[in-house]
Amino acid sequence: MPVMPVAPQQPGLAPKRIPPGPQLPTPESPEGQAATNASPTDQKNVDLAYGAYQRGYYKTALTEAMKRVAANKHDGVAMTLIGEIYEQGFGVKQDDAEAAKWYAAAAAEGDASGMFKLGLAKLRGKGVPKDPAGAKALFRKAAAKNNAGALYNLGILELQKKTGGTPDFKKAADYFGKAAEFGLPDADYALGLLYRKGRGVVRDDKIAALWMSRAARENNIPGEVEYAIMLFNGIGVAKDETAAARLFLKAAAANNPVAQDRIARLLVVGRGIKSDLVQAMKWHILARAAGEKDPWLDTVLNKLTPDQKKQVETAVHQYVGY
1378 MPVMPVAPQQ PGLAPKRIPP GPQLPTPESP EGQAATNASP TDQKNVDLAY GAYQRGYYKT
1438 ALTEAMKRVA ANKHDGVAMT LIGEIYEQGF GVKQDDAEAA KWYAAAAAEG DASGMFKLGL
1498 AKLRGKGVPK DPAGAKALFR KAAAKNNAGA LYNLGILELQ KKTGGTPDFK KAADYFGKAA
1558 EFGLPDADYA LGLLYRKGRG VVRDDKIAAL WMSRAARENN IPGEVEYAIM LFNGIGVAKD
1618 ETAAARLFLK AAAANNPVAQ DRIARLLVVG RGIKSDLVQA MKWHILARAA GEKDPWLDTV
1678 LNKLTPDQKK QVETAVHQYV GY
């Protein structure tokens, strides 16, 4: 397990180690980023429909996809695209039931993305009755066709075991590994955590750091935070406080409260980044508003001068846009 920091005795001192960040993926949101890939299908040859979708011309995309289905009633790829448009409410009224109908049609035609999206709908009870067993069956079918999102979600389900069984970390690691092979950043992050904790695999901080670095490079925010922690503490990778601070700042700007808390600490003491109390307290206030408590930073905030507190208030207002 990651080593927790010793609380600093004085506001001017930082912990020798940055506290651990995100934990293993949780069952509350099993699909993660895998459910919202930029591409609504695994295939890029949806002609005019897909091209219009990518450019944000959603009504045109829907019209062209409908034309494809009219011309070929077995066009599962176009059906999945139609389902995505209705699910997201892009250019049409958002309609989960209509989306699920199209995903079901696509799945019946053997489209892996349609299977995956219908599985997510069943898992969450969106547009169809909630059916975890049915969702898992669809994920397995999609996974057999190398759908990365389905592989990832099968791994998450192995961690859940809501029926009362014991989480199977080894199976989860296998699924995450396969999903990672297809370039899914969520899977890189999840696999990195398993190696970090020695769950289902032999604990290896160097391998964990490799997977976390991959996730971070692909803009996976939890991966950025965890890799920054490893960089700062020199866990599995050469210690680099400056690189860690850059990643914390990047994730903080993406509204990750853990990153906001960590960069606030570094800004107070000037570790890896130039000291700036106003910016530090800005990030602390934002993190605290999101539920990330830090008594040490509260102490720093309370010791600011009235003028500094006013500057912090201004910085927060400028950041949130009011």
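The sequence shown lines up with residues 1378 to 1699 when you count with this note's numbering.
Glycine included, every Cβ here is placed at the ideal spot set by N, Cα and C.
Helix or strand or just coil, what does DSSP make of F1559?
coil
H1661 in three-state terms, based on DSSP
helix
Whole-number beta carbon distance between A1592 and G1611, since they are thought to touch under 8 Å
About 19 Å; that fails the 8 Å criterion.
Taking 7 Å as the cut-off, decide whether the C-beta atoms of R1531 and A1520 are in contact.
Per the sequence presented here, residue 1531 reads as Leu, with Arg not at that position. Yes, the pair counts as a contact, with Cβ atoms nearer than the cut-off.
I need the DSSP call for H1694, collapsed to helix, strand or coil.
helix
Would you check if the distance between the CB atom of K1503 and the CB atom of D1545 is smaller than 7 Å?
no
Residue range of the alpha helix (DSSP H) that includes I1650:
No alpha helix (DSSP H) holds I1650; DSSP gives it neither H nor E.
Every unbroken alpha helix (DSSP H) within the stretch 1564-1629, with a cutoff of 4 residues, ordered by chain:
1582-1594, 1598-1610
Let me make sure I understand the geometry here. Which of G1668, D1671, L1681, N1633 has the alpha-carbon closest to that of V1655?
L1681
Suppose contacts are defined by Cβ-Cβ distances below 7 Å. Is L1678 in contact with Q1637 by that definition?
no
Mapping DSSP to helix, strand and coil, what is Y1434?
coil
Distance CB(D1488)-CB(G1460) smaller than 7 Å:
no
Should H1694 go down as buried or exposed, given a rule of 16 or more other Cβ atoms within 10 Å for buried?
exposed
Where does the unbroken alpha helix (DSSP H) through D1545 begin, and where does it stop?
Segment: none, D1545 is in no alpha helix (DSSP H) and carries neither H nor E.
Are the stretch 1577-1586 and the stretch 1616-1626 in contact at 8 Å, needing three or more beta carbon pairs?
no
Alpha carbon to alpha carbon, how far is A1512 from L1497? Give it in angstroms, no decimals.
6 Å
Which of helix, strand or coil does DSSP assign to P1679?
Contrary to the premise, residue 1679 reads as Asn rather than Pro in this sequence. N1679: helix per DSSP, three-state reduction.
Assign E1558 to one of two classes, buried (16 or more other C-beta atoms within 10 Å of its C-beta) or exposed (fewer than that).
exposed
Alpha helix (DSSP H) segment containing Q1537, residue limits
1525-1537
Less than 7 Å separating the beta-carbons of F1346 and A1527?
Since the first and last residues shown for the chain are 1378 and 1699, residue 1346 lies out of range.
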